[in-house]
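In the working numbering, the protein residues as written are 64 to 311. Don't be surprised by glycine CBs; every beta carbon is placed ideally from N, CA and C. Read through the structure below, which is laid out as structure tokens, and then see the notes.
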Ligand SMILES: *[C@@H]1O[C@H](CO)[C@@H](O)[C@H](O)[C@H]1NC(C)=O
């Protein structure tokens, strides 16, 4: 029974020894060897460690580097690059005490968000023909597409599926039925190339017939008035008469 407290005491001394061995510095200090040095403030890094007689010597982060915490580091950390190749652009530029914050480019959404920024983004997907855009993509969400149903269609760019045109309601004939991707096509009676050619031929024939008809009618009239040559001479006489008057 007497042995137990003695053993505990020895163990306790051992624990104290382990804890005692490394130098414990307070929160605003860092350990270098057996010394505790004051940390550099954010935006600065250590230039010279403190000594028995001098405090830590700190210098600011320069170039595109930063340190956002009190530190005992010999250098600053390079700032993040917002790579357009990863769909990113700068939201907040780098400062000596804060890293660059990136955000998705227009038309992209974040796939790897951070506390107040984004590490990677992807282009909004586009809806397929036969689908409508149920929800446009945002910086944080992708486009939401939904299939068209029933008697409707969308080419993939619509924000709702449009009903197919009902040709019979327009008193037109349906040339092509509507699909989920496209509207129905309406038209007058079948206008195939053959039909168009037939129409043109008929039209030419009609014009020709009318022309021939008129020509024949004229010829008949002339025959009733007399011979062609008499007609001409009559007209010539009439035309020259005023001139004769003028010369007298
Ligand atoms: C949408 O339509 C496509 C093609 O018709 C089909 O493969 C897919 O399963 C449909 N999706 C849903 C959610 O109904």
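Query, Result
"Just to check, is the beta-carbon of residue 210 closer than 7 Å to a non-hydrogen atom of ligand 1?", "yes"
"State the DSSP-derived secondary structure class of residue 272, mapped to helix, strand or coil.", "helix"
"Closest by CA to residue 114, which one among 97, 122, 171 and 104?", "97"
"Is residue 193 near ligand 1 - that is, is its Cβ less than 7 Å away from at least one heavy atom of it?", "yes"
"Which residues does DSSP pair with residue 164 in a beta bridge?", "155"
"Please tell me whether residue 124 and residue 112 are closer than 8 Å, where the distance is taken between their beta carbons.", "no"
"Residue range of the beta strand (DSSP E) that residue 238 falls in?", "236-239"
"Would residue 192 pass as a contact of residue 213 if the rule is Cβ separation under 8 Å?", "no"
"Report the option in 201, 86, 222 and 195 whose CA atom is closest to the CA atom of residue 211.", "195"
"Could you tell me whether the Cβ atoms of residue 171 and residue 138 are closer together than 8 Å?", "no"
"Residue 130 and residue 106: beta carbons closer than 8 Å?", "yes"
"Looking only at DSSP bridge pairs, what is residue 248 linked to?", "239"
"Residue 232 by DSSP, collapsed to three states: which one?", "helix"
"Within 10 angstroms of the Cβ of residue 159, are there 16 or more other Cβ atoms? Answer buried if so, exposed if not.", "buried"
"Select from 144, 133 and 127 the residue whose C-alpha is nearest the C-alpha of residue 119.", "133"
"Using the three-state DSSP reduction, which class does residue 91 fall into: helix, strand or coil?", "coil"
"Considering only residues of the same chain and omitting the five flanking positions on each side of residue 250, which have a CB-CB separation below 7 Å?", "235, 236 and 238"
"Could you have a look at residue 184 and say whether DSSP puts it in helix, strand or coil?", "strand"
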